[in-house]
Amino acid sequence: MANSFSMPPALEWLRATRVWKSIFRRGPALTNRSRSLAVFGNLFLHLLPVKVREKSLRVRVSYYLGSISFLLFVVLGVTGVLLMFYYHPAVPQAYRDMKDLRFVVSNGVFLRNLHRLAAQLMVLAVFWHMFHVFYRGGYRPPHEFNWVVGVVLLLVTLFLSYTGYLLPWDQLAFWAITVGTNILSAMPLIGRRIRFISLGGNLVGENALLRFYVLHCVVLPLIAILLVAVHFWRVQKDGGLTVPEEDGGKGN
Amino acid sequence: MHEQEGTEGGQARTDAPAKLVTTRREFLNEAAAGALGIAAAGSMIVTYGYLSPNVLFEPPTTFRAGSPDLYPPNSVTFLEDQQVYVVRTENGFYAVAAVCTHLGCVTQWKPELGIIACPCHGSKFKPDGTKIEGPAPRPLPHFAISLTADGLLQVDKLEIVSPGQVLKA
């Protein structure tokens, strides 16, 4: 990145103010060194690489699939919290709340569908991201650990998707969870216990709805946020974004 | 650090056996790690116990199915609330689970075909629970059926009996 990059005057003025300096602890980032220090010194930015090779920003290198997955996750977080303001995880109120969101609440149908479609797109994007990394050899050293973190994130994404599927409390949801948790109980020895504890009973009822709600809105998102932070941070620690051999990189 | 120097680093005791003594530091470290491990295992057990409900508001597993006269001979009756078929043949009564042994969907009695069919994945059963086809791994189980003192049918869904057992009409 050339140093001759010029900022709009308004931004330049802003960066010289006392408030900006108190937050970012430095003035205008005019040199590569001060830019790096600004990134290092910021809680959110320090997860990201200080420098990125221009080649790794080409669309064909990553298709931005990781970033797309992350942005979808942010969309899901925001719309999900908004949906929570109207949703009661109780029988039979859950189904009525879902119907209210669709037909009564202002912009409810928009937010609900945004959440639903972003969820489906996120599963697609995460899978595509994984295939892309796999076929580009992005799992090879030194990226092995981050590959495993990514696989766990794929599982978390699927669990988020699955737990969210019960929440509308319609026939589709009920039978999907009945079938899915019966697959769980096919596990040898502990299967029935795992099914009992995940449903909070022997059948898909109000306990199951509440449990899936807590998993969907609290437990799994927290795990996802933690792992996403580790995932980003390891990209930087493992030497930046992967550049495949045919694009002039080392291939790992 | 002081103890370690005494046993390992100190020149004066180079003739002492290398690892026969446990230093106070090692002992305390191991004791602390063990205590943490026990506490971790304990909290897992406590959490598991907490998450297993003791009281459930689910339909009772033993229920009365009314008078035997409600069921005509050679009939299959689906009790929707209990998810059980009460079958009456010439020989008598038996109760068959309506929950598919494949993945737990509720099956349906098809009188025009004389079979019990599952809407989820297409398993088919005879009215006595034997499997005709598909993905279901096992036949539908039979539940214990009896007569109460006041002459009503009673089904116990926790007691699975062999398919041959029939309550004489």
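These protein sequence lines map, in sequence, to chains A and B.
Following this note's numbering, the numbering of the first sequence begins with 22 at its first residue and continues without gaps.
Following this note's numbering, the numbering of the second sequence begins with 2 at its first residue and continues without gaps.
All C-beta atoms in this analysis are idealised placements derived from N, C-alpha and C, irrespective of residue type, glycine included.
Can you list, in chain order, the residues of its chain with a C-beta nearer than 6 Å to that of residue i? Leave out the 5 residues immediately preceding and following it.
i	result
A:LEU187	ALA194, ILE198, PHE233
A:VAL139	The identity of residue 139 of chain A in the sequence shown is Ala, whereas the question assumes Val. Only LEU93, VAL96, LEU97 meet the Cβ criterion.
A:THR100	LEU132, LEU135, HIS136
A:VAL71	SER57, VAL60
B:ASP151	none
B:LYS158	THR62, PHE144
A:TYR108	ASP118
B:ARG65	LEU153, GLN155
A:GLU89	Before going on, a small fix: residue 89 of chain A reads as Ile here, not Glu. Result list for A:ILE89: ALA146, in chain order.
B:PRO181	In the structure displayed, chain B extends from 2 to 170; residue 181 of chain B sits before or after that span and is not available.
Can you list the residues of chain A that residue i reaches, using a CB-CB cut of under 7 Å?
i	result
B:GLY105	THR199, VAL200, ASN203
B:CYS121	TRP196, VAL200
Taking Cβ-Cβ distances shorter than 7 Å, what residues in chain B pair up with residue i?
i	result
A:LEU224	GLU59
Since residue i sits in a beta bridge, which residues does DSSP pair it with?
i	result
A:VAL126	A:VAL126 pairs with nothing; no bridge assigned.
B:PHE94	B:ARG89, B:LEU168
B:HIS143	B:VAL97, B:VAL162
B:VAL156	B:PHE64, B:ILE146
B:GLN109	B:ALA118
B:GLU134	B:LYS125
Residue i touches chain A at which residues, Cβ-Cβ below 9 Å?
i	result
B:SER53	ARG214, PHE217, ILE218, GLY221
Using C-beta distances below 7 Å, list every residue in its chain close to residue i, excluding the 5 sequence neighbours before and after it, in chain order.
i	result
B:GLU113	none
A:ASP259	PRO163, HIS164, ASN167
A:PHE180	LEU241
B:GLU6	Below a pLDDT of 50, predicted positions are generally treated as unreliable, and B:GLU6, at 47, falls in that range; the measurement from the model is reported next regardless. Excluding sequence neighbours, B:GLU6 sits near nothing in its chain.
A:ARG47	SER55, LEU58, ALA59
B:GLY93	VAL167, LEU168, LYS169, ALA170
A:LEU86	ALA146, TRP149, HIS150, HIS153
B:GLY43	none
B:LYS123	Rather than Lys, the amino acid found at residue 123 of chain B in this sequence is Gly. These residues qualify, in order along the chain: GLY135.
Kindly list the residues whose CB is nearer than 8 Å to the CB of residue i, restricted to its own chain and excluding five residues on each side of it in sequence; keep chain order.
i	result
A:LEU68	ALA250, PHE253, TRP254, GLN257
A:TYR277	Any property of residue 277 of chain A remains undetermined from this structure, which presents chain A solely from 22 to 273.
B:LYS125	ILE116, ILE117, ALA118, CYS119, LYS132, ILE133, GLU134, GLY135
B:LYS111	ILE117, ALA118
B:LEU71	THR78
A:MET151	GLY171, VAL172, LEU175
A:VAL144	THR178, LEU179, SER182
A:LEU14	What the structure shows of chain A is the stretch from 22 to 273, and residue 14 of chain A is not part of that stretch, so it cannot be assessed.
A:GLY221	ASN228, ALA229, LEU231, ARG232
A:ASN24	For A:ASN24, the predicted structure reports a pLDDT of 47, less than 50, and the residue's modelled location is therefore unreliable. The matter cannot be settled from this model.
B:PRO73	ARG89
B:SER68	GLY152, LEU153, LEU154
For residue i, verify whether its CB is less than 7 Å away from any heavy atom of the ligand PLP.
i	result
A:LEU179	This structure simply doesn't include the ligand PLP, nor any ligand for that matter.
Does any CB atom of chain C fall closer than 8 Å to the CB of residue i?
i	result
A:TRP168	Among the protein chains of the structure shown, namely A and B, there is no chain C.
Name, going along the chain, the residues of the stretch 168 to 197 of chain A whose beta-carbon falls closer than 9 Å to a beta-carbon of chain B. Those residues of the stretch 168 to 197 of chain A that come within reach of chain B (Cβ to Cβ, closer than 9 Å) are TRP196.
Members of the stretch 218 to 245 of chain A near chain B, C-beta cut-off 7 Å: So the close ones are ILE218, GLY221, GLY222, ASN223, LEU224, GLY226, ASN228.
Pull out every residue of the stretch 25 to 47 of chain B whose Cβ sits closer than 7 Å to any Cβ of chain A, in chain order. If the cut-off is 7 Å between Cβ atoms, the stretch 25 to 47 of chain B has nothing near chain A.
Alpha helix (DSSP H) segments (min. 4 residues) lying fully within the stretch 51 to 84 of chain A: 53 to 61, 80 to 83
Starting from the N-terminal side, write out each stretch of the beta strand (DSSP E) that is 3 residues or longer and does not extend beyond the stretch 8 to 88 of chain B. Residue ranges of uninterrupted beta strand (DSSP E) with 3 or more members, entirely inside the stretch 8 to 88 of chain B and ordered along the chain, are 63 to 65, 76 to 80.
Entirely enclosed alpha helix (DSSP H) segments - the stretch 96 to 150 of chain A, minimum 4 residues: 114 to 124
May I have a chain-ordered list of the beta strand (DSSP E) segments no shorter than 3 residues that lie completely inside the stretch 186 to 235 of chain A? none
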